[in-house]
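Asks: In this text, residue positions in the sequence shown follow numbering that gives the first Met the number 0: the first is 0, and each later residue adds one. Where a beta carbon is used, it is the ideal one built from N, C-alpha and C, also for glycine. Keep in mind it's a predicted model, so treat the numbers as computed, not measured.
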Amino acid sequence: MKKWQLLKLTEDELLLIIPVVGAERVIGFLCAWINKNTFNDSDRTLLEYSASFLGLESMKRQAVEQTKRQLFGDIFDQVLSNTFNENMLQQAKI
Numbered sequence: 000m001k002k003w004q005l006l007k008l009t010e011d012e013l014l015l016i017i018p019v020v021g022a023e024r025v026i027g028f029l030c031a032w033i034n035k036n037t038f039n040d041s042d043r044t045l046l047e048y049s050a051s052f053l054g055l056e057s058m059k060r061q062a063v064e065q066t067k068r069q070l071f072g073d074i075f076d077q078v079l080s081n082t083f084n085e086n087m088l089q090q091a092k093i
């Protein structure tokens, strides 16, 4: 089953639209303006891999941000409860 869509712009020009999927949902689209006379399956495959890469990078960035927020929350809770953990502070500085 194809995941991409082609829209005809002119007689020779097409717009290739490939969804960028992250965490099992569409987070955007990779669009390429192409000439149908020079575009081939290898080009399409490369763009599909690019869309996959963008999705993975987005998920990685979200995971890093979520971990930072969680670590900050843990440190904040420890400061408020006066159960401060020096090891966690060192990790937060990194």
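Taking three-plus beta-carbon pairs below 8 Å as touching, is the stretch 18 to 28 in contact with the stretch 56 to 68?
Replies: At 8 Å Cβ cutoff, the stretches touch.
Asks: Helix, strand or coil, according to DSSP, for Phe71 in the structure here?
Replies: As a working mapping, residue 71 is identified with position 72 in the sequence shown. Helix.
Asks: Could you check if Asn50 is buried or exposed, using at least 16 other CB atoms within 10 Å of its CB as the buried criterion?
Replies: Position 51 of the sequence shown, counting from 1, holds the residue named residue 50. Looking at the sequence shown, residue 50 is not Asn but Ala. Flag for Ala50 reads buried.
Asks: Can you give the beta carbon distance from Ile17 to Lys2, rounded, assuming they're within the 8 Å contact cut?
Replies: Residue numbering aside, residue 17 sits at position 18 when the sequence shown is read from its first letter. Residue numbering aside, residue 2 sits at position 3 when the sequence shown is read from its first letter. That belief holds up - the Cβ atoms of Ile17 and Lys2 are roughly 7 Å apart, short of 8 Å.
Asks: What first and last residue would you give for the beta strand (DSSP E) that runs through Trp32?
Replies: Working through the sequence shown from its first residue, we reach residue 32 at position 33. Unbroken beta strand (DSSP E) run through Trp32: 24 to 34.
Asks: So what's Leu112 in DSSP terms, helix, strand or just coil?
Replies: An answer regarding residue 112 cannot be provided, because it is not within the stretch 0 to 93 covered by the chain.
Asks: Please tell me whether Leu14 and Cys30 are closer than 8 Å, where the distance is taken between their beta carbons.
Replies: Locating residue 14 in the sequence shown gives position 15, where the first residue counts as 1. Locating residue 30 in the sequence shown gives position 31, where the first residue counts as 1. Yes, they are a contact pair.
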